[in-house]
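Read the structure below first, then the notes.
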Ligand SMILES: [Zn+2]
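In my numbering, the protein residues as written are 217 to 528.
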């Protein structure tokens, strides 16, 4: 028994270092493995984080591009003065206003004419004017009055839509056209003036869509005719709006009634020598001769190298 015990003890003693070594090796392998595994895990996690960040940035950029696209789309809906497609025929009304105010009708050698029609739309003359403009492939600016649009009912509203669809510009010429309301004692009443013009703005939105607006106005009787206009000018400047009078006219609203030939001669006479012409005419009730004169007037400007533009 004793020997056996010694033997077995001996045997135990001889095995122990091997076990420790094995254990150490195992531990090294395990912990080494853990280290490798944890390093690998860390690497994978870092890669995933980088990928996630890249994806987040990509999505952020996508969202930003989408936001911009929507904003651009929204902007396109807004129609200021004329259809966006018709912008190629349009001209900055503010520049024209400055020119008219300084009686400077030069234009760097380039001839430009703005055909303007006031007091419409009418169901009698406006259709004829639209037809002739289309036939001659030229564009004009219509200074409309709300009261006349309402007078013409649905037909007048359809004509207004046609004006816009055909590439013409639409500007505000007040609702009532009533001098006593707008300028009592020949002096501007700004509040009454603004309220009156606002009614036409509203009517234009109702007819042409909520995105339509115009920044161009023409004062009934002409800006030049009234006193106390400084507050209006300040208001227009603040709102980036333009008031446009004229520097030529066919005299279809002055003096005795004229026939088409006489109207044409007046238009030519008052336009001569001007590189920039803002021609005043009317497409309201009773102005049939104006429509009759229009082809000859257009011909004169075409023959003399004028470009036809609209005011926006
Ligand atoms: Zn008028």
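No residue lacks a Cβ here, since even glycine has one placed at the ideal position from N, Cα and C.
- Here residue 375 has 337, 342 as same chain residues with Cβ atoms under 6 Å from its own Cβ, once five neighbours each way along the sequence are excluded.
- In this structure, 384 is the residue among 335, 384, 290 with its C-alpha nearest to the C-alpha of residue 348.
- When the beta-carbon positions are compared, residue 368 and residue 339 come within less than 9 Å of each other.
- Here residue 345 really is in contact with residue 333; their C-beta atoms are around 6 Å apart, less than 8 Å.
- When the beta-carbon positions are compared, residue 460 and residue 387 come within less than 9 Å of each other.
- Taken from the Cβ of residue 437, at least one heavy atom of ligand 1 lies inside 8 Å.
- Within the same chain, no Cβ atom closer than 6 Å to the Cβ of residue 326 is found once the five residues on either side in sequence are excluded.
- In the assembly as shown, residue 451 is an exposed residue. Its beta-carbon has fewer than 16 other beta-carbons within 10 Å.
- A distance below 6 Å between beta-carbons, with the five flanking residues on each side excluded, links residue 393 to the following residues of its chain, in chain order: 361, 436.
- Cβ atoms of residue 528 and residue 432 come within 8 Å of each other, at about 6 Å.
- With respect to the 9 Å criterion, residue 295 and residue 427 are classified as neighbours on the basis of their beta carbons.
- Relative to ligand 1, the beta carbon of residue 434 is positioned inside 8 Å of a heavy atom.
- Non-local C-beta neighbours of residue 447 in its own chain, meaning closer than 8 Å and more than five positions away in sequence, comprise 404, 406, ordered along the chain.
- Put simply, of 490, 269, 445, 256 the residue whose alpha carbon is nearest the alpha carbon of residue 409 is 445.
- Residue 397 sits away from residue 417, with the two beta carbons spaced by 9 Å or more.
- Distance between residue 380 and residue 264, taken at the CA atoms: about 56 Å.
- Collapsing the DSSP output to three states places residue 388 in a strand.
- No Cβ-Cβ contact shorter than 9 Å links residue 316 with residue 495.
- Collapsing the DSSP output to three states places residue 260 in a helix.
- DSSP, read as helix, strand or coil, puts residue 334 in strand.
- Contact between residue 483 and residue 513 holds: their C-beta atoms lie close to 5 Å from each other, under 8 Å.
- With contacts defined by Cβ atoms closer than 9 Å, residue 497 and residue 490 do not form a contacting pair.
- Straight across, the Cα-Cα distance linking residue 399 with residue 442 is about 7 Å.
- In the DSSP assignment, residue 509 falls within the unbroken alpha helix (DSSP H) covering 504-519.
- Listed as beta-bridge partners of residue 465 by DSSP are 496.
- Rounded to whole angstroms, the separation of the alpha carbons of residue 356 and residue 524 is 7 Å.
- Residue environment for residue 505: buried (at least 16 other C-beta atoms within 10 angstroms of its C-beta).
- Assigned with DSSP and collapsed to three states, residue 430 falls in coil, not helix or strand.
- Between the C-alpha atoms of residue 247 and residue 285 there is a straight-line separation of about 56 Å.
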